[in-house]
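> In UniProt numbering, the protein residues as written are 1 to 172. Yeah, the Cβ is synthetic: ideal placement off N, Cα and C, and Gly gets one too. It should be emphasised that the depicted structure is a prediction, and the values quoted were computed from it without experimental measurement. Below is one structure. I have some questions about it.
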(Lines of atoms letter the chains of each structure in order from A and count residues from 1; the text may use other names and numbers.)
(Lines give C-alpha, C1' and ligand atoms only; values in the text may rest on other atoms or scores of the structure.)
Protein backbone atom coordinates (compact mmCIF):
# COMPACT_ATOMS: atom_id res chain seq x y z
CA UNK A 1 0.00 0.00 0.00
CA UNK A 2 1.46 3.33 -1.02
CA UNK A 3 0.88 6.70 0.63
CA UNK A 4 -0.79 9.35 -1.52
CA UNK A 5 1.52 12.04 -2.78
CA UNK A 6 0.92 15.73 -2.32
CA UNK A 7 2.08 18.00 -5.08
CA UNK A 8 2.58 21.74 -4.49
CA UNK A 9 3.04 23.97 -7.50
CA UNK A 10 4.73 27.35 -7.04
CA UNK A 11 4.42 29.95 -9.77
CA UNK A 12 7.52 32.16 -9.66
CA UNK A 13 6.37 34.27 -12.59
CA UNK A 14 3.39 35.70 -10.72
CA UNK A 15 3.97 39.41 -9.95
CA UNK A 16 3.97 40.55 -6.33
CA UNK A 17 0.95 42.40 -5.05
CA UNK A 18 1.21 46.12 -5.68
CA UNK A 19 2.37 48.31 -2.78
CA UNK A 20 -0.95 50.14 -2.76
CA UNK A 21 -2.78 46.89 -1.97
CA UNK A 22 -0.29 46.11 0.82
CA UNK A 23 -0.89 49.52 2.39
CA UNK A 24 -4.61 48.97 2.25
CA UNK A 25 -4.25 45.65 4.06
CA UNK A 26 -2.09 47.26 6.75
CA UNK A 27 -4.59 50.08 7.22
CA UNK A 28 -7.28 47.60 8.26
CA UNK A 29 -5.37 46.60 11.40
CA UNK A 30 -7.12 49.28 13.48
CA UNK A 31 -10.47 49.01 11.77
CA UNK A 32 -12.10 47.65 14.95
CA UNK A 33 -11.67 50.99 16.73
CA UNK A 34 -14.89 52.98 16.67
CA UNK A 35 -15.16 56.08 18.82
CA UNK A 36 -18.31 56.01 20.92
CA UNK A 37 -18.63 59.55 22.25
CA UNK A 38 -22.41 59.15 22.60
CA UNK A 39 -21.91 56.90 25.64
CA UNK A 40 -20.63 59.91 27.59
CA UNK A 41 -23.93 61.71 26.95
CA UNK A 42 -25.84 59.04 28.90
CA UNK A 43 -26.19 59.10 32.71
CA UNK A 44 -23.60 56.30 33.26
CA UNK A 45 -21.17 58.05 30.91
CA UNK A 46 -21.66 61.41 32.62
CA UNK A 47 -21.04 59.72 35.97
CA UNK A 48 -17.73 58.36 34.64
CA UNK A 49 -16.65 61.86 33.65
CA UNK A 50 -17.70 63.18 37.08
CA UNK A 51 -15.78 60.34 38.79
CA UNK A 52 -12.66 61.20 36.80
CA UNK A 53 -12.88 64.94 37.61
CA UNK A 54 -13.54 64.28 41.30
CA UNK A 55 -10.74 61.71 41.31
CA UNK A 56 -8.30 64.31 40.00
CA UNK A 57 -9.40 66.69 42.76
CA UNK A 58 -9.02 63.98 45.41
CA UNK A 59 -5.54 63.10 44.19
CA UNK A 60 -4.49 66.75 44.00
CA UNK A 61 -5.87 67.80 47.39
CA UNK A 62 -5.20 64.66 49.41
CA UNK A 63 -1.93 64.60 51.28
CA UNK A 64 -0.34 61.20 51.89
CA UNK A 65 0.92 62.50 55.26
CA UNK A 66 -2.64 62.60 56.49
CA UNK A 67 -3.92 59.41 54.89
CA UNK A 68 -1.93 57.26 52.49
CA UNK A 69 -4.95 54.97 52.18
CA UNK A 70 -7.09 57.83 50.83
CA UNK A 71 -4.52 58.71 48.19
CA UNK A 72 -4.10 55.02 47.29
CA UNK A 73 -7.86 54.62 46.81
CA UNK A 74 -8.12 57.84 44.80
CA UNK A 75 -5.30 56.82 42.44
CA UNK A 76 -6.48 53.22 42.06
CA UNK A 77 -10.09 54.20 41.39
CA UNK A 78 -8.99 56.90 38.95
CA UNK A 79 -6.89 54.45 36.94
CA UNK A 80 -9.58 51.77 36.77
CA UNK A 81 -12.26 54.32 35.85
CA UNK A 82 -9.98 55.70 33.16
CA UNK A 83 -9.50 52.17 31.76
CA UNK A 84 -13.27 51.53 31.73
CA UNK A 85 -13.76 54.91 30.03
CA UNK A 86 -11.39 53.84 27.26
CA UNK A 87 -13.25 50.53 26.96
CA UNK A 88 -16.45 52.48 26.28
CA UNK A 89 -14.82 55.22 24.18
CA UNK A 90 -13.08 52.77 21.82
CA UNK A 91 -15.98 50.25 21.79
CA UNK A 92 -13.69 47.48 23.01
CA UNK A 93 -16.63 45.49 24.37
CA UNK A 94 -18.15 45.20 20.92
CA UNK A 95 -14.83 44.55 19.16
CA UNK A 96 -13.65 41.72 21.40
CA UNK A 97 -15.64 38.56 21.04
CA UNK A 98 -14.68 37.16 24.45
CA UNK A 99 -17.00 35.27 26.80
CA UNK A 100 -16.84 37.99 29.44
CA UNK A 101 -19.83 39.37 31.27
CA UNK A 102 -18.69 42.98 30.93
CA UNK A 103 -21.53 44.50 32.92
CA UNK A 104 -21.07 42.12 35.87
CA UNK A 105 -17.30 42.68 35.84
CA UNK A 106 -17.73 46.43 35.92
CA UNK A 107 -20.48 46.15 38.54
CA UNK A 108 -18.24 44.19 40.90
CA UNK A 109 -15.35 46.60 40.36
CA UNK A 110 -17.48 49.69 40.83
CA UNK A 111 -19.11 48.23 43.94
CA UNK A 112 -15.67 47.62 45.46
CA UNK A 113 -14.58 51.15 44.49
CA UNK A 114 -17.68 52.59 46.18
CA UNK A 115 -16.90 50.73 49.39
CA UNK A 116 -13.22 51.71 49.29
CA UNK A 117 -14.00 55.40 48.72
CA UNK A 118 -16.53 55.27 51.57
CA UNK A 119 -13.90 53.88 53.96
CA UNK A 120 -11.21 56.24 52.62
CA UNK A 121 -13.15 59.47 53.08
CA UNK A 122 -14.10 58.46 56.63
CA UNK A 123 -10.44 57.78 57.42
CA UNK A 124 -9.45 61.10 55.85
CA UNK A 125 -12.02 62.99 57.94
CA UNK A 126 -10.86 61.18 61.09
CA UNK A 127 -7.20 61.96 60.41
CA UNK A 128 -7.80 65.63 59.64
CA UNK A 129 -9.89 66.13 62.78
CA UNK A 130 -6.97 65.35 65.07
CA UNK A 131 -4.22 67.25 63.25
CA UNK A 132 -4.25 70.92 62.39
CA UNK A 133 -1.39 71.84 60.09
CA UNK A 134 -0.57 73.60 56.85
CA UNK A 135 -2.47 71.08 54.73
CA UNK A 136 -5.57 70.93 56.90
CA UNK A 137 -7.89 72.79 54.51
CA UNK A 138 -6.86 70.87 51.39
CA UNK A 139 -7.26 67.54 53.17
CA UNK A 140 -10.74 68.46 54.42
CA UNK A 141 -11.62 69.44 50.83
CA UNK A 142 -10.17 66.13 49.60
CA UNK A 143 -12.35 64.25 52.09
CA UNK A 144 -15.44 66.18 50.95
CA UNK A 145 -14.66 65.44 47.30
CA UNK A 146 -14.10 61.82 48.37
CA UNK A 147 -17.63 61.83 49.79
CA UNK A 148 -18.96 63.22 46.50
CA UNK A 149 -17.02 60.59 44.57
CA UNK A 150 -18.48 57.87 46.81
CA UNK A 151 -21.95 59.06 45.80
CA UNK A 152 -20.92 59.11 42.12
CA UNK A 153 -19.56 55.57 42.29
CA UNK A 154 -22.73 54.44 44.11
CA UNK A 155 -24.78 55.94 41.27
CA UNK A 156 -22.67 54.10 38.70
CA UNK A 157 -23.13 50.88 40.67
CA UNK A 158 -26.89 51.46 40.63
CA UNK A 159 -27.00 51.92 36.84
CA UNK A 160 -24.76 48.88 36.32
CA UNK A 161 -26.98 46.82 38.62
CA UNK A 162 -30.03 47.85 36.59
CA UNK A 163 -28.24 46.89 33.35
CA UNK A 164 -27.17 43.55 34.79
CA UNK A 165 -30.65 42.84 36.09
CA UNK A 166 -32.26 43.65 32.72
CA UNK A 167 -29.70 41.49 30.90
CA UNK A 168 -30.46 38.60 33.25
CA UNK A 169 -34.21 39.03 32.68
CA UNK A 170 -33.74 38.96 28.90
CA UNK A 171 -31.56 35.83 28.98
CA UNK A 172 -34.03 33.95 31.19
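For residue 84, does the three-state DSSP call read helix, strand or coil?
Residue mapping note: residue 84 aligns to position 84 of the chain shown, counting from 1. If DSSP states are grouped into helix, strand and coil, residue 84 belongs with the helices.
> How many Å lie between residue 71 and residue 63 at the Cα?
Locating residue 71 in the chain shown gives position 71, counting from the first residue. Locating residue 63 in the chain shown gives position 63, counting from the first residue. Cα to Cα, residue 71 sits roughly 7 Å from residue 63.
> What's the C-alpha gap between residue 139 and residue 61?
The sequence position of residue 139 within the chain shown is 139, counting from 1. The sequence position of residue 61 within the chain shown is 61, counting from 1. One C-alpha to the other measures close to 6 Å.
> With residue 35 as the anchor, note down where its alpha helix (DSSP H) starts and where it stops.
As a working note, residue 35 is residue 35 in the chain shown. From DSSP, residue 35 is part of no alpha helix (DSSP H); its letter is neither H nor E.
> Let me confirm a value: residue 55 is counted as buried when at least 16 other C-beta atoms fall within 10 Å, else exposed. Which label applies?
What you label residue 55 is simply residue 55 of the chain shown in a count that begins at 1. Flag for residue 55 reads buried.
> In terms of residue numbering, what span does the alpha helix (DSSP H) encompassing residue 101 cover?
Indexing the chain shown from 1 puts residue 101 at position 101. Per DSSP, residue 101 belongs to no alpha helix (DSSP H) and is neither H nor E.
> Closer than 6 Å to a non-hydrogen atom of the ligand SAH - does that hold for the CB of residue 34?
In the structure shown, the ligand SAH is absent, as is every other ligand, since no ligand is present at all.
> Return the chain-ordered ranges of every alpha helix (DSSP H) run that is complete within the UniProt domain "MARVEL" (39 to 165) and spans a minimum of 4 residues.
Segments of the alpha helix (DSSP H) lying fully in the UniProt domain "MARVEL" (39 to 165): 43 to 61, 68 to 89, 92 to 95, 102 to 130.
> Assuming the contact rule is C-beta atoms closer than 8 Å, residue 126 and residue 146 should be a hit. Round their C-beta distance to whole Å, please.
Taking the first residue of the chain shown as position 1, residue 126 is located at position 126. Taking the first residue of the chain shown as position 1, residue 146 is located at position 146. About 12 Å separates the two Cβ atoms, so there is no contact after all.
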